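What follows is one structure encoded as structure tokens, with my remarks underneath.
Numbering (UniProt numbering), first residue to last: 1 to 74.
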């Protein structure tokens, strides 16, 4: 576990990209489980923090990148 992130889910998309979702309440997936786009993986919570929140990040080759470049436009 990474300190300060509470219940953390990391999804490895390929050898270069991963996404991280932290401070979850209920974890709906297991380690090494394959997930599909749009699948619910957790419920938001406040683990590791004082209020309900979601910490989301995308990493490319281990470095955090701006997630807005990878998310669909609204």
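Think of the CB as a built atom: it goes at the ideal place given N, C-alpha and C, for glycine as much as any other residue. Just so you know, these numbers come straight off a predicted model, no measurement behind them.
Counting along the chain, the unbroken beta strand (DSSP E) around residue 23 starts and ends at 17 to 27. In the three-state scheme derived from DSSP, where H, G and I count as helix and E and B as strand, residue 30 is classed as coil. By the neighbour-count definition (other C-beta atoms within 10 Å, threshold 16), residue 14 is an exposed residue. Its chain contains 20, 64 as the residues whose beta carbon lies nearer than 6 Å to that of residue 57, once the 5 sequence neighbours on both sides are disregarded; these appear in chain order.
Closest in alpha carbon position to residue 44, among 29, 12, 52, is 52.
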